[in-house]
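Undergrad: Here the working numbering is used: the sequence shown runs in plain steps of one and ends on residue 763. Virtual Cβ for every residue (Gly too), placed ideally from N, Cα, C. Remember, predicted model here, so these are calculated numbers, not experimental data. Got a structure here, written out as structure tokens. Questions coming.
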Amino acid sequence: MPNRLAHETSPYLLQHAENPVDWWPWSAEAFEEARKRGVPVLLSVGYSSCHWCHVMAHESFEDRETADYLNAHFLSIKVDREERPDVDAVYMEAVQAATGQGGWPMTVFLTPDAEPFYFGTYFPPAPRQGMPSFRQVLEGVHSAWSDRREEVADVAGKIARDLAGREISYGDTTVPGEEELAQALLGLTRDYDAQRGGFGGAPKFPPSMAIEFLLRHHARTGAEGALQMAADTCERMARGGIYDQLGGGFARYSVDREWVVPHFEKMLYDNALLCRVYAHLWRATGSDLARRVALETADFMVRELRTNEGGFASALDADSDDGTGKHVEGAYYVWTPRQLTEILGEEDAELAALYFGVTEEGTFEEGASVLQLPQQEGVFDAERIESVKQRLNRARAQRPAPGRDDKVVAAWNGLAIAALAETGAYFDRPDLVEAALEAADLLVRLHLDERARLARTSKDGQVGANAGVLEDYADVAEGFLALASVTGEGVWLEFAGFLLDHVLVRFVDEESGALYDTAADAEKLIRRPQDPTDSATPSGWSAAAGALLSYAAQTGAEPHRTAAEGALGVVKALGPRAPRFIGWGLATAEALLDGPREVAVVGPEDDPATKELHRTALLTTAPGAVVAVGTPGSDELPLLADRPLVEGEPAAYVCRRFTCDAPVTDAGSLREKLVS
Numbered sequence: 088m089p090n091r092l093a094h095e096t097s098p099y100l101l102q103h104a105e106n107p108v109d110w111w112p113w114s115a116e117a118f119e120e121a122r123k124r125g126v127p128v129l130l131s132v133g134y135s136s137c138h139w140c141h142v143m144a145h146e147s148f149e150d151r152e153t154a155d156y157l158n159a160h161f162l163s164i165k166v167d168r169e170e171r172p173d174v175d176a177v178y179m180e181a182v183q184a185a186t187g188q189g190g191w192p193m194t195v196f197l198t199p200d201a202e203p204f205y206f207g208t209y210f211p212p213a214p215r216q217g218m219p220s221f222r223q224v225l226e227g228v229h230s231a232w233s234d235r236r237e238e239v240a241d242v243a244g245k246i247a248r249d250l251a252g253r254e255i256s257y258g259d260t261t262v263p264g265e266e267e268l269a270q271a272l273l274g275l276t277r278d279y280d281a282q283r284g285g286f287g288g289a290p291k292f293p294p295s296m297a298i299e300f301l302l303r304h305h306a307r308t309g310a311e312g313a314l315q316m317a318a319d320t321c322e323r324m325a326r327g328g329i330y331d332q333l334g335g336g337f338a339r340y341s342v343d344r345e346w347v348v349p350h351f352e353k354m355l356y357d358n359a360l361l362c363r364v365y366a367h368l369w370r371a372t373g374s375d376l377a378r379r380v381a382l383e384t385a386d387f388m389v390r391e392l393r394t395n396e397g398g399f400a401s402a403l404d405a406d407s408d409d410g411t412g413k414h415v416e417g418a419y420y421v422w423t424p425r426q427l428t429e430i431l432g433e434e435d436a437e438l439a440a441l442y443f444g445v446t447e448e449g450t451f452e453e454g455a456s457v458l459q460l461p462q463q464e465g466v467f468d469a470e471r472i473e474s475v476k477q478r479l480n481r482a483r484a485q486r487p488a489p490g491r492d493d494k495v496v497a498a499w500n501g502l503a504i505a506a507l508a509e510t511g512a513y514f515d516r517p518d519l520v521e522a523a524l525e526a527a528d529l530l531v532r533l534h535l536d537e538r539a540r541l542a543r544t545s546k547d548g549q550v551g552a553n554a555g556v557l558e559d560y561a562d563v564a565e566g567f568l569a570l571a572s573v574t575g576e577g578v579w580l581e582f583a584g585f586l587l588d589h590v591l592v593r594f595v596d597e598e599s600g601a602l603y604d605t606a607a608d609a610e611k612l613i614r615r616p617q618d619p620t621d622s623a624t625p626s627g628w629s630a631a632a633g634a635l636l637s638y639a640a641q642t643g644a645e646p647h648r649t650a651a652e653g654a655l656g657v658v659k660a661l662g663p664r665a666p667r668f669i670g671w672g673l674a675t676a677e678a679l680l681d682g683p684r685e686v687a688v689v690g691p692e693d694d695p696a697t698k699e700l701h702r703t704a705l706l707t708t709a710p711g712a713v714v715a716v717g718t719p720g721s722d723e724l725p726l727l728a729d730r731p732l733v734e735g736e737p738a739a740y741v742c743r744r745f746t747c748d749a750p751v752t753d754a755g756s757l758r759e760k761l762v763s
């Protein structure tokens with residue numbers, strides 16, 4: 088019989104709807120029930136494409152004996168971290184403080200007042216490698232709750248007070264300058280893995296936000312080392328197993344330093360960010376590899392993640408059926424030499440093994456290999472390789488596919504909209520721009536209410552109940568701003584303004600300029616989450632600073648620029664010390680130092696000269712440049728106001744730091760103004 092999760096829209100929660108555990112969704116009613124029963128709360132947090140979440144579910148939550156014990160002695164709450172990033176952030180902070188590490192599944196025991204007192208992540212069904220079994224943990228917590236409840240309550244209260252008292256304080260709130268950005272570059276250089284690309288050791292995550300900073304820093308200062316780190320890291324990732332060499336798109340991270348073996352889940356946010364990174368790398372260098380990867384990643388998102396409603400699904404699972412009925416991580420993606428021979432024949436299998444690095448020993452498990460590009464492609468027959476790839480793709484399509492989390496997350500769709508709009512514009516792919524427009528339309532129709540308040544998620548055309556958090560408002564605004572620049576449609580600038588006005592009113596601390604991850608009128612948790620550091624995505628704080636700055640450049644809105652500058656104070660403090668974890672803030676600081684530049688292109692829409700000027704403007708590497716395009720006299724975009732044609736010809740106007748250059752009518756002259 089289904090439990091209470093059967094009425095939820097989250098694919099992750101629905102995966103647990105048939106568990107014998109009497110799960111509750113996060114709600115005031117759940118905690119009231121725990122209070123009535125006098126039992127502690129088990130809070131289990133995960134997400135649908137999380138491998139170890141599936142493992143723990145199968146081992147423990149599907150086990151009748153474990154479920155009976157849970158149901159008798161606990162009130163069990165299941166949370167999708169992608170739906171409730173605020174709940175996840177608050178309790179993950181407690182887990183990390185208590186254990187020194189975090190991850191998912193996250194397992195936290197709470198009082199009925201939602202105060203945490205015992206923490207962990209994955210617990211096995213039997214003791215293993217120094218870890219207690221899940222049943223031992225349950226019995227220990229139950230014993231402590233039954234015999235020493237007052238002591239447990241004191242500990243929980245102390246932890247909750249400690250969490251509630253943590254506020255971001257960064258002293259000097261002035262914006263970062265040349266010294267801080269130079270120190271940040273030095274810090275990245277120290278952490279850089281010169282042999283393998285990327286930063287630090289295993290596991291290695293794609294450093295999307297740091298690469299954006301490096302590209303912008305190079306564009307502004309000419310620092311060749313910054314460009315080299317960005318380009319080499321992108322090449323290493325694109326040639327590694329973290330990139331799907333057949334279907335395009337990136338896995339979430341590499342378990343090793345060499346980018347060989349990925350954790351196979353594919354997340355929308357990673358692919359949106361990396362699509363944009365590779366498009367920007369191509370813009371800076373003209374790299375054929377960057378162009379190919381940007382387009383393949385965009386095509387992957389549209390082909391594999393697009394929903395029937397026009398949005399983009401959250402993720403593809405790491406696990407899939409290996410053909411025997413057993414769910415195995417990576418089963419869809421890995422190959423043995425024997426499988427290559429069965430599909431390609433001996434000669435082409437030998438070629439494919441050499442080209443993709445497939446060996447008898449394997450690079451993954453049980454002699455299977457993750458496909459890579461260990462050698463330069465130019466030494467191979469391109470037509471023959473293309474034939475090999477097509478046949479392998481057709482064969483892979485016959486395998487059981489990984490599951491898909493069809494939940495549409497507003498923030499991640501905002502990132503995808505920005506990536507697809509820019510990639511489509513750079514490479515003359517109007518279909519990609521159209522996909523971005525359809526996703527933006529879905530967000531407006533379904534996720535925005537009449538007060539321009541944003542819902543976090545939707546699924547199958549049904550909007551979720553959870554309010555948007557700061558990253559939703561900021562990333563969707565970022566996507567809309569990119570659409571406005573690419574299409575010249577002022578409505579997207581208007582919608583971005585609605586969202587950013589909410590940021591100013593509901594997320595910014597008026598006194599300090601600091602930002603909170605939840606709105607002032609959001610559900611009150613034991614702590615109001617607040618984190619300026621990037622993780623797999625830009626922090627809401629940094630994303631908001633970037634979007635506010637771009638909007639101010641487009642409109643001249645002084646409150647938005649002031650808020651952006653106030654938010655960047657934390658970058659001045661953290662950038663030199665932890666540049667890997669505040670890359671988007673550093674990239675925004677680069678934009679601020681550059682102006683950012685404002686480019687207005689006026690001319691008839693169908694005039695080739697207008698299109699050439701517009702394209703030249705979009706292809707500038709000037710950090711944070713904003714672009715407006717439209718016909719003379721248009722009132723859709725503020726940058727176009729009082730911008731006439733020049734002697735009857737389409738023209739481009741460039742302004743920077745409140746000073747405007749004389750208009751130009753040819754692309755070459757515009758290009759010079761944008762690099763000087």
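(1) Check the C-beta distance from residue 47 over to residue 165 and give it rounded, since I have them as a contact under 8 Å.
(2) Run the CB neighbour count on residue 549, radius 10 Å, all protein chains shown included, and call it buried at 16 or more, exposed below.
(3) Where does the unbroken beta strand (DSSP E) through residue 468 begin, and where does it stop?
(4) When the distance is taken between beta carbons, is residue 340 closer than 8 Å to residue 290?
(5) Ignoring anything shorter than 3 residues or poking outside the segment 538-572, list the beta strand (DSSP E) runs there in chain order.
(6) When you compare the segment 467-485 with the segment 592-603, are there three or more beta-carbon pairs, one atom per stretch, that lie closer than 8 Å?
(7) Buried or exposed: which applies to residue 461, given that a residue is buried once 16 or more other Cβ atoms fall within 10 Å of its Cβ?
(8) Express the C-alpha separation of residue 375 and residue 585 in angstroms, rounding to a whole number.
(9) Answer with buried or exposed for residue 517, where buried requires no fewer than 16 other C-beta atoms within 10 angstroms of its C-beta.
(10) Quick check: the Cα distance between residue 155 and residue 108, rounded to an integer number of angstroms?
(11) Residue 137 lies in the beta strand (DSSP E); which residues open and close that run?
(12) Identify every residue that forms a DSSP beta bridge with residue 362.
(13) Identify whether residue 276 lies in helix, strand or coil by the three-state DSSP scheme.
(14) Could you tell me the alpha carbon to alpha carbon distance between residue 95 and residue 101, rounded to whole angstroms?
(15) Give the DSSP-derived three-state secondary structure of residue 143 in the structure shown.
(16) Where does residue 296 sit, in a helix, a strand or coil, going by DSSP?
(17) For residue 337, which of helix, strand or coil comes out of DSSP?
(18) Look at residue 262 and residue 659 and say whether their C-beta atoms are less than 8 Å apart.
(19) Would you please state the rounded distance, in angstroms, between the beta carbons of residue 167 and residue 97? I believe it to be under 8 Å.
(20) Roughly how many angstroms lie between the CA atoms of residue 751 and residue 760, to the nearest whole one?
(21) I'd like the ranges of any beta strand (DSSP E) spanning at least 3 consecutive residues and lying wholly in the segment 347-415.
(22) I'd like to check one pair, residue 131 with residue 186: are the Cβ atoms closer than 8 Å?
(23) Pick out whichever of 620, 519 and 637 has its Cα sitting closest to the Cα of residue 383.
(24) Run through the DSSP bridge pairs and tell me what residue 492 is partnered with.
(25) Going by CA-CA distance only, name the one from 616, 678 and 324 that's closest to residue 265.
(26) Please report the straight-line C-alpha distance between residue 640 and residue 368, rounded to a whole angstrom.
(27) Report the residue from 661, 237 and 176 whose alpha carbon sits nearest the alpha carbon of residue 133.
(28) Quick check: what's the CA-CA separation for residue 120 versus residue 127?
(29) Which partner residues of residue 190 appear in the DSSP bridge assignment?
(30) So, under 8 Å CB-CB, residue 621 and residue 629 are touching, yes? Tell me the CB distance rounded to an integer number of Å.
(31) Are the CB atoms of residue 606 and residue 594 within a distance shorter than 8 Å?
(32) How big is the Cα-Cα spacing for residue 608 and residue 204?
(33) Is residue 123 helix, strand or coil when you go by DSSP?
(34) Can you tell me which of the three DSSP states residue 622 falls into?
(35) Leaving out five residues on either side along the sequence, give the residues of the same chain with a beta carbon under 7 Å from the beta carbon of residue 335.
(36) Residues in its own chain within less than 6 Å of residue 305 by CB, not counting five upstream and five downstream?
TA: In short:
(1) What is shown of the chain runs 88 to 763, which leaves residue 47 out entirely.
(2) Here residue 549 refers to the residue found at position 462 of the sequence shown. By the 10 Å Cβ count, residue 549 comes out exposed.
(3) What you label residue 468 is simply residue 381 of the sequence shown in a count that begins at 1. From DSSP, residue 468 is part of no beta strand (DSSP E); its letter is neither H nor E.
(4) Locating residue 290 in the sequence shown gives position 203, counting from the first residue. Locating residue 340 in the sequence shown gives position 253, counting from the first residue. A contact, by the Cβ cut-off of 8 Å.
(5) 544-546
(6) no
(7) Translated into the one-based positions of the sequence shown, residue 461 becomes position 374. It counts as exposed.
(8) Looking up residue 585 in the sequence shown gives position 498. Looking up residue 375 in the sequence shown gives position 288. Roughly 39 Å separates the two Cα atoms.
(9) Locating residue 517 in the sequence shown gives position 430, counting from the first residue. It counts as exposed.
(10) As a working note, residue 155 is residue 68 in the sequence shown. As a working note, residue 108 is residue 21 in the sequence shown. Approximately 7 Å between the Cα atoms of the pair.
(11) Residue mapping note: residue 137 aligns to position 50 of the sequence shown, counting from 1. No beta strand (DSSP E) holds residue 137; DSSP gives it neither H nor E.
(12) Reading the sequence shown from its first residue, position 275 is the one you call residue 362. DSSP lists no partner for residue 362.
(13) As a first step, residue 276 must be located in the sequence shown, where it is residue number 189. Residue state, collapsed to three classes: helix.
(14) Counting from one through the sequence shown, the residue named residue 95 turns up at place 8. Counting from one through the sequence shown, the residue named residue 101 turns up at place 14. When rounded, the distance between both Cα atoms is 7 Å.
(15) One-based indexing of the sequence shown puts residue 143 at position 56. Three-state result, residue 143: helix.
(16) Within the sequence shown, the letter at position 209 stands for residue 296. Helix at residue 296.
(17) For the purposes of this step, residue 337 is taken as the residue at position 250 of the sequence shown. The answer is strand: DSSP assigns residue 337 an E or B state.
(18) Your numbering for residue 262 matches position 175 in the sequence shown. Your numbering for residue 659 matches position 572 in the sequence shown. In contact: residue 262 and residue 659 (Cβ atoms closer than 8 Å).
(19) Here the question's residue 167 lines up with position 80 in the sequence shown. Here the question's residue 97 lines up with position 10 in the sequence shown. So it is a contact: roughly 4 Å between Cβ atoms.
(20) Taking the sequence shown and counting its residues from 1, the one referred to as residue 751 is at position 664. Taking the sequence shown and counting its residues from 1, the one referred to as residue 760 is at position 673. Taking the straight line from one Cα to the other gives about 9 Å.
(21) 406-408
(22) As a first step, residue 186 is located in the sequence shown; it is residue number 99 there, counting from the start. As a first step, residue 131 is located in the sequence shown; it is residue number 44 there, counting from the start. No.
(23) Taking the first residue of the sequence shown as position 1, residue 383 is located at position 296. The shortest Cα separation from residue 383 among 620, 519 and 637 belongs to 519.
(24) For the purposes of this step, residue 492 is taken as the residue at position 405 of the sequence shown. Its beta-bridge partners are 402.
(25) Reading the sequence shown from its first residue, position 178 is the one you call residue 265. When only C-alpha atoms are compared, the closest one is 678.
(26) By 1-based counting over the sequence shown, the position of residue 640 is 553. By 1-based counting over the sequence shown, the position of residue 368 is 281. Rounded to the nearest angstrom, the two C-alpha atoms are 24 Å apart.
(27) On the sequence shown, position 46 is the one that residue 133 refers to. Checking every option, the nearest Cα to that of residue 133 belongs to 176.
(28) By one-based count along the sequence shown, residue 120 stands at place 33. By one-based count along the sequence shown, residue 127 stands at place 40. Residue 120 and residue 127: Cα-Cα distance of roughly 10 Å.
(29) As a working mapping, residue 190 is identified with position 103 in the sequence shown. None; residue 190 has no bridge partner.
(30) Indexing the sequence shown from 1 puts residue 621 at position 534. Indexing the sequence shown from 1 puts residue 629 at position 542. Contact holds; Cβ gap of about 6 Å.
(31) By 1-based counting over the sequence shown, the position of residue 594 is 507. By 1-based counting over the sequence shown, the position of residue 606 is 519. Yes; because the gap between Cβ atoms is below 8 Å, this pair is in contact.
(32) The count along the sequence shown starts at 1 and reaches residue 608 at position 521. The count along the sequence shown starts at 1 and reaches residue 204 at position 117. Using only the alpha carbons, I get a separation of about 27 Å.
(33) Taking the sequence shown and counting its residues from 1, one reaches residue 123 at position 36. Of the three classes helix, strand and coil, the one that applies to residue 123 here is helix, per DSSP.
(34) What you label residue 622 is simply residue 535 of the sequence shown in a count that begins at 1. Three-state result, residue 622: coil.
(35) Taking the sequence shown and counting its residues from 1, the one referred to as residue 335 is at position 248. The answer, listed in chain order, is 383, 384, 386 and 387.
(36) Mapped onto the sequence shown, residue 305 falls at position 218. So the list reads 313 and 314, once near-sequence residues are dropped.
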